[in-house]
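To keep things clear, I will list the structure first and then write my remarks on it.
Protein chains: 2
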Amino acid sequence: MPTDKLGIDKLVSGILASNKRAVAKAITILENDLPGAAVLLDQVFTKTGNAQLIGVTGPPGAGKSTLIEKITNHWLQEGKKIGIIAVDPSSPFTGGAILGDRIRMKTISSKKNVFIRSMATRGALGGLSPHIREAMQILDAAGMDKIIVETVGVGQSEIDIVKVADTVILVTVPEAGDDIQVIKSGIMEIGDVFVVNKADRPGANKMEILLKSMIHSNNENLTDKNVVKTVASESQGIDELIEVLDNHYHEFQVTGKLLKRKKALLELMLFDIIKNHFANKTLVKIKESDQFKNLLNKLAKREIEPYSALTELAEENQILAAILEGK
Amino acid sequence: MPTDKLGIDKLVSGILASNKRAVAKAITILENDLPGAAVLLDQVFTKTGNAQLIGVTGPPGAGKSTLIEKITNHWLQEGKKIGIIAVDPSSPFTGGAILGDRIRMKTISSKKNVFIRSMATRGALGGLSPHIREAMQILDAAGMDKIIVETVGVGQSEIDIVKVADTVILVTVPEAGDDIQVIKSGIMEIGDVFVVNKADRPGANKMEILLKSMIHSNNENLTDKNVVKTVASESQGIDELIEVLDNHYHEFQVTGKLLKRKKALLELMLFDIIKNHFANKTLVKIKESDQFKNLLNKLAKREIEPYSALTELAEENQILAAILEGK
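Residue numbers (this note's numbering), protein chains in the order written: chain A, 1 to 327; chain B, 1001 to 1327.
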């Protein structure tokens, strides 16, 4: 970039100075694929890698937002800077309920060392939107010590949170025991730390025992200590949870597991760039060609088979030919 | 294919003869990407395109399964063959509830002209699994007159149902009014036919009026007639719903909108094949290269930027170079 017509240099300076408006503007640029997005990410990259990335997931109504609010307040008192990304499932049915959560979290959003942003779940290629990872990078470069991503665990894409977090907190409630037993192996793969929230309700101890027994039989990386009971609305169990989080992060650093996760995240990042180029350029060119339109007509009339159509397309397109040959 | 070592020819004969076991086996081959999957799809392709593809979506508890059971029984009496695909969201939290629905629908699964199959939501590339579309093709080739795909509308991937159906039925309940008003434009894009089920509950008329008013202001393709009240458990409103479905399908055929949807579906099919090759061959080769592993190490140490890493990769890989150049 010889000159900086888009003002990216200035924006990067703002981000590195933890300026809230600069951070917000940067995330908007990334979220909407505005000009300068790629340069922006490249420029902040070497300033990232310092924050602890924490995913919080669980069913609707488990009290995730309240729990995040309490953890955040705890860390604020320690002088930490906290970034929070609230991932809204792009669903027409649960929209209403989730809006309520967001409003509730606004009680901490006005604080100086907290940055909160709501983002939509899904990218053009499905799964957790790459923009969520990108926003985490901006928050990381902006000097956030902790970056919390909250997702509602109601679909596979939301559960992809494991791929972008150093530590995943799975929040559940005493009543969820039956559901969890049905699909226990899945749950155990997702979480590093398990919270039984609303633990003043009946069944909390039973749920705690269930989770611990599942840990014993399913995940050799975890111990009983990774299960915590909280009553987030009353601030009960928060100190204990913080300690578990700190211990988990420390152990991850010492054993090299953290580096492994960080590399997986970087791999995902590179592949998303490649996949985006492929979908938005290569495939769009194919789609807009007359040959493709003719082949679609033939397919609609069942005059040819799909693979014959692809073979014909590949004759005119070297990239496609190479891909279909498995190169 | 010179010989038929995998028995695909025999399987195709079975499918074309509406043999339930052949259909089940074919879907299993597709679902697990077993050898012969591509040949199988190509061989049945010219026998497809005859079934009406119906998507049924809506929030959990709206009574979708019961409604599908009643519609199915109606069509069975007309001598139709019905294929049903129940899409299970791949979620660890809602697993339990959905299992119950599936068991309920088994009351019709034993009937001769009904084929029911449960499938998982999600493909390797996110969104609605391509295997669901593939299974629809098998059912189509097997002579099903109607193919119903039921998804739970709790995530974007589930809502992708619009991309594979000729007609989408959105099932809701009287109480859902508030949620729907918040996100009305999304809802209107999804549905062709709107059902207020459990219409013996308070608020049914209000919900009906709300949906009709939203239709007027949001979607010029629809009219009041596309909103139907039912009490599926009592078989009320089913005849009316069937009439609306028939009318919608007929109008779609006459106006050419159906052909447009069918072509969009075929486009999706071709692009999925290409994307799968790309993800499973081209990208895997890059991932396994020593160069890539070295670059990941450098990225983890923040010694280079992501785009520099991609540029280095592209020097050794012509396909990647072409893609990054936007070819």
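Cβ atoms here follow ideal geometry from the backbone N, Cα and C, with glycine treated the same way.
Chain A within 8 Å of residue i, Cβ atoms only
i: proline 1306 of chain B; result: yes
i: alanine 1037 of chain B; result: no
i: aspartate 1042 of chain B; result: yes
i: isoleucine 1323 of chain B; result: yes
i: glycine 1143 of chain B; result: no
i: isoleucine 1015 of chain B; result: no
i: leucine 1030 of chain B; result: no
i: glutamate 1326 of chain B; result: Position check: residue 1326 of chain B holds glycine in this sequence, whereas glutamate was assumed. Interface residue, yes.
Close beta carbons around residue i, own chain, < 8 Å, minus the five adjacent residues each side
i: histidine 74 of chain A; result: Ile238, Asp239, Ile242
i: leucine 30 of chain A; result: Ala37, Leu40, Leu41, His131, Glu134, Ala135, Ile138
i: aspartate 166 of chain A; result: Gln52, Leu53, Ile54, Tyr249, Phe252, Leu258, Arg261, Lys262
i: arginine 201 of chain A; result: Val173, Pro174, Glu175
i: proline 306 of chain A; result: Leu299
i: glycine 96 of chain A; result: Any reading at glycine 96 of chain A must be qualified, since the residue scores a pLDDT of 37, below 50, and its modelled position is unreliable; the value itself is stated next. Answer for glycine 96 of chain A: no residue qualifies.
i: lysine 1080 of chain B; result: Asn1113, Asp1145, Lys1146
First and last residue of the uninterrupted alpha helix (DSSP H) at residue i
i: glutamine 1318 of chain B; result: 1318-1324
i: leucine 1245 of chain B; result: 1238-1255
i: isoleucine 1138 of chain B; result: 1130-1141
i: lysine 1229 of chain B; result: That residue, lysine 1229 of chain B, is in no alpha helix (DSSP H); its beta strand (DSSP E) goes 1227-1229.
i: lysine 1065 of chain B; result: A small fix is needed here, since residue 1065 of chain B is serine in this sequence, not lysine. Taken as a continuous stretch (DSSP letters only), the alpha helix (DSSP H) holding serine 1065 of chain B covers 1064-1077.
i: glycine 1014 of chain B; result: 1008-1016
i: alanine 24 of chain A; result: 20-31
i: lysine 298 of chain A; result: 290-300
i: phenylalanine 1278 of chain B; result: From DSSP, phenylalanine 1278 of chain B is part of no alpha helix (DSSP H); its letter is neither H nor E.
i: valine 1044 of chain B; result: 1037-1045
Residue i, enclosing beta strand (DSSP E) - first and last residue
i: valine 1114 of chain B; result: 1114-1120
i: phenylalanine 1194 of chain B; result: 1193-1196
i: leucine 53 of chain A; result: 52-57
i: alanine 86 of chain A; result: 82-88
i: threonine 311 of chain A; result: That residue, threonine 311 of chain A, is in no beta strand (DSSP E); its alpha helix (DSSP H) goes 306-315.
i: valine 168 of chain A; result: 167-172
i: valine 149 of chain A; result: 146-150
Interface flag, residue i vs chain B, CB-CB below 8 Å
i: threonine 46 of chain A; result: yes
i: phenylalanine 271 of chain A; result: yes
i: arginine 302 of chain A; result: yes
i: isoleucine 319 of chain A; result: yes
i: lysine 163 of chain A; result: no
i: glycine 49 of chain A; result: yes
i: leucine 296 of chain A; result: yes
i: lysine 111 of chain A; result: no
i: leucine 299 of chain A; result: yes
Presumed contact (8 Å Cβ cut-off) between residue i and residue j, rounded CB distance
i: glutamine 1052 of chain B; j: aspartate 1160 of chain B; result: With 8 Å as the limit, glutamine 1052 of chain B and aspartate 1160 of chain B do not qualify as a contact, their Cβ atoms being about 19 Å apart.
i: alanine 232 of chain A; j: leucine 67 of chain A; result: 4 Å
i: glutamate 267 of chain A; j: leucine 1270 of chain B; result: That belief does not hold up - the Cβ atoms of glutamate 267 of chain A and leucine 1270 of chain B are roughly 28 Å apart, past 8 Å.
i: alanine 86 of chain A; j: valine 171 of chain A; result: Incorrect: roughly 14 Å between the Cβ atoms, too far for contact.
i: isoleucine 1190 of chain B; j: valine 1164 of chain B; result: Going by Cβ atoms, the distance from isoleucine 1190 of chain B to valine 1164 of chain B rounds to 13 Å, so no, they are not a contact pair.
i: lysine 1287 of chain B; j: glycine 326 of chain A; result: Going by Cβ atoms, the distance from lysine 1287 of chain B to glycine 326 of chain A rounds to 14 Å, so no, they are not a contact pair.
i: phenylalanine 1278 of chain B; j: phenylalanine 278 of chain A; result: 6 Å
i: valine 1244 of chain B; j: valine 1162 of chain B; result: That pair is no contact at about 18 Å.
Any C-beta of chain D under 8 Å from that of residue i
i: alanine 1309 of chain B; result: The chain labelled as chain D is not found among the protein chains of the depicted structure, namely A and B.
Sequence-distant residues of the same chain with beta carbon closer than 7 Å to residue i, five excluded per side
i: proline 1035 of chain B; result: Leu1006
i: alanine 1141 of chain B; result: Ile1015, Leu1016, Val1044, Lys1047, Thr1048
i: isoleucine 27 of chain A; result: Arg117, Ala135, Ile138
i: glycine 58 of chain A; result: Lys64, Gly153, Leu170, Val171, Thr172
i: glutamine 236 of chain A; result: Thr230
i: serine 109 of chain A; result: Ile116
i: leucine 11 of chain A; result: Ala22, Lys25, Ala26, Leu40
i: lysine 198 of chain A; result: Gly63, Val173, Pro174, Val231
Contacts around residue i, its chain only, beta-carbon distance under 6 Å, and the 5 residues preceding and following it disregarded
i: glycine 83 of chain A; result: Phe115, Leu139, Met144, Ile147
i: alanine 1314 of chain B; result: Leu1320, Ala1321, Leu1324
i: serine 18 of chain A; result: Ala142, Gly143
Any non-hydrogen atom of the ligand MG within 7 Å of residue i CB
i: valine 114 of chain A; result: With respect to the ligand MG, the structure offers nothing, as it holds no ligand at all.
Original post:
Got a sec: which bits of the region 275-291 of chain A sit with their beta carbon under 9 Å from any beta carbon on chain B, in order along the chain?
Top reply: Within the region 275-291 of chain A, those residues whose Cβ lies closer than 9 Å to any Cβ of chain B are, in chain order, Lys275, His277, Phe278, Ala279, Asn280, Lys281, Thr282, Leu283, Lys285, Ile286, Lys287.
**OP:** Output, in sequence order along the chain, the residues in the region 248-272 of chain A whose CB is closer than 8 Å to any CB in chain B.
**Re:** Cβ contacts with chain B: Leu259, Lys262, Lys263, Leu266, Glu267, Met269, Leu270, Phe271.
**OP:** Note down, in chain order, all residues in the region 59-87 of chain A with a beta-carbon under 8 Å from any beta-carbon belonging to chain B.
**Re:** Going along the region 59-87 of chain A in chain order, one finds Pro59 with a Cβ nearer than 8 Å to chain B.
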